[in-house]
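Encoded as structure tokens, the structure appears first; notes follow it.
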Amino acid sequence: MLNFEILASDGKARTGILKGTHGQTETPCFMPVATAGAIKGVRWEEVKSSGYSMVLSNIYHLYLRPGTELIENVGGIHKFVGWDGLILTDSGGFQVFSLGDLMKLTEEGVYFRSHIDGSKHFFSPELVIEYEEKIGVDIGMVLDECTPYPATREYAKHSLERTYRWAKRSIEARTSDKTAIFGIVQGGTFDDLRILSAKLTSDLPFDGVAIGGLSVGEPKEDMYRITSLIAPLLPYEKPRYLMGVGKPEDIIVAVEHGVDMFDCVMPTRNARNGTLFTWNGKLNIKSAKYKSDERPVDENCDCYTCRNFSRAYLRHLFASKEINALILNSIHNLHFYAQLMEKTREAIKNKQFKEFKKEFFSKYKTDEE
Ligand SMILES: Nc1nc2cc3nc(NCCc4ccc(C(=O)O)cc4)[nH]c3cc2c(=O)[nH]1
6 MLNFEILASD GKARTGILKG THGQTETPCF MPVATAGAIK GVRWEEVKSS GYSMVLSNIY
66 HLYLRPGTEL IENVGGIHKF VGWDGLILTD SGGFQVFSLG DLMKLTEEGV YFRSHIDGSK
126 HFFSPELVIE YEEKIGVDIG MVLDECTPYP ATREYAKHSL ERTYRWAKRS IEARTSDKTA
186 IFGIVQGGTF DDLRILSAKL TSDLPFDGVA IGGLSVGEPK EDMYRITSLI APLLPYEKPR
246 YLMGVGKPED IIVAVEHGVD MFDCVMPTRN ARNGTLFTWN GKLNIKSAKY KSDERPVDEN
306 CDCYTCRNFS RAYLRHLFAS KEINALILNS IHNLHFYAQL MEKTREAIKN KQFKEFKKEF
366 FSKYKTDEE
């Protein structure tokens, strides 16, 4: 059962509480990505102490390995992975469609070959709902087609229409309200198709609605235009989730237009390649300029990494290919994203979001600058 209560708003930005079977989270929230059931290099106690209470996993990966039946037989996903907060699973609607010719799309569902051992599999909207319910996730995403970028208008239209037919089949396939189900808006970069998909998806009895098909290589202005157009059209009282987003600056812009939920591999993936987030922008710890830099990654960060180690030491660990380099970098980046969301929620509660956004962008150097 999912309950979403909006506590405060500032323009289109809003803050709320999302309550599910395994706990609750304040929104706007960021979900760290635990694709195969773990956040790479970080223990759950650090994830929790950073302030996270919902993580994202992926039914496609869990189905392929270790198998959803095994997870069900050992007591469900929370027991199996040892995380007692909320778990949202993506459906594989992004992964299977990036398998290229290892995938065959039909009206019934999608045939695909495992990226692990090449074995043949089939996902239908009904099977995805069944797997998500059986392993006991709090929020399950429907099987959709993440329309690739670029796509012709004709392809985007056929794709959103199939995703809509699959969405109706997903609703029909539900057997319990313990697992909330979110629909996903598609439509490529065509505003009229996006509006059509938003209306079709919003009219179905989903517990929340996601904007899909973005952060897939489209120009940033397309992502911003579509997010600002579509987010306010989604049901006001339901959670709005922008899938795969993203960079700190993109999250703040999307919150301004009324988005509540985010996920991205960026904080953990970037940590593993030495890119660290600070309030002044990104820092690449491999750079020679940090060789003797005794400062923490960010003077204003109180994470375990920043409280105990210097940039010089982190650079040394990374250069030495020490495992702790990945762990300490990941702890910092996850903590940064958690702080970003915490400050965003505070700003909305205090009706200071515009000032917060202005201050953030006055200090934060984005990739485009
Ligand atoms: N079911 C479904 N899932 C999705 C997941 C997505 N994830 C993204 N973007 C993430 C892109 C992404 C990938 C890698 C890195 C990195 O390595 O840093 C960053 C961002 N867009 C997405 C779109 C969909 C979608 O329509 N449907």
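Using this note's numbering, the first residue of the sequence shown is number 6, and each one after it goes up by one.
Every residue gets a Cβ at the ideal spot worked out from N, C-alpha and C, and that includes glycine.
Self-check item: Distance between Pro-253 and Glu-374 (C-alpha atoms, nearest Å)
Solution: 14 Å
Practice problem: Run through the segment 146-182 for me and flag every whole alpha helix (DSSP H) of 4 or more residues, listed as ranges in chain order. | Solution: Within the segment 146-182, the complete alpha helix (DSSP H) runs of at least 4 residues are 158-178.
Quiz item: Tyr-241 to Lys-326, Cα distance in whole Å?
Solution: 48 Å
Quiz item: Whole-angstrom Cβ separation of Leu-319 and Ile-353, contact assumed at under 8 Å?
Solution: Leu-319 to Ile-353, Cβ: 33 Å. No contact.
Quiz prompt | Beta-carbon contacts of Leu-331 that lie in its chain and below 7 Å, excluding the five residues immediately before and after | solution = Gly-46, Ala-276 and Arg-277
Quiz item: Is Glu-226 buried or exposed, if buried means 16 or more other CB atoms sit within 10 Å of its CB?
Solution: exposed
Quiz item: Just how far apart, CA to CA, sit Asp-122 and Lys-348?
Solution: 44 Å
Self-check item: Simplified DSSP assignment, three categories, for Lys-354
Solution: helix
Practice problem: Measure from the alpha carbon of Leu-205 to the alpha carbon of each residue in Met-36, Met-346, Ile-235 and Lys-24, then state which is nearest. | Solution: Ile-235
Quiz item: Are Ala-324 and Ser-297 touching if we call contact CB-CB under 7 Å?
Solution: no
Practice problem: Return yes when at least one heavy atom of ligand 1 lies under 6 Å from the C-beta of Cys-306, else no. | Solution: no
Quiz prompt | Runs of beta strand (DSSP E) lying entirely within the segment 17-99, each at least 3 residues, in chain order | solution = If we require 3 residues or more, the beta strand (DSSP E) runs fully inside the segment 17-99 come out as 18-25, 28-32, 34-36, 59-63 and 91-95.
Quiz item: Can we count Ile-189 as close to ligand 1, meaning its CB is less than 6 Å from some heavy atom?
Solution: Checking every heavy atom of ligand 1 against the Cβ of Ile-189, one is found closer than 6 Å.
Practice problem: Give the secondary structure of Tyr-246 by DSSP, where H, G and I count as helix, E and B as strand, and everything else as coil. | Solution: strand
Quiz prompt | Spatially closest choice to Val-133 from Thr-20, Tyr-309, His-66 and Val-52, by CA coordinates | solution = His-66
Exercise. May I ask whether a heavy atom of ligand 1 can be found less than 6 Å away from the beta carbon of Met-248?
Key: yes
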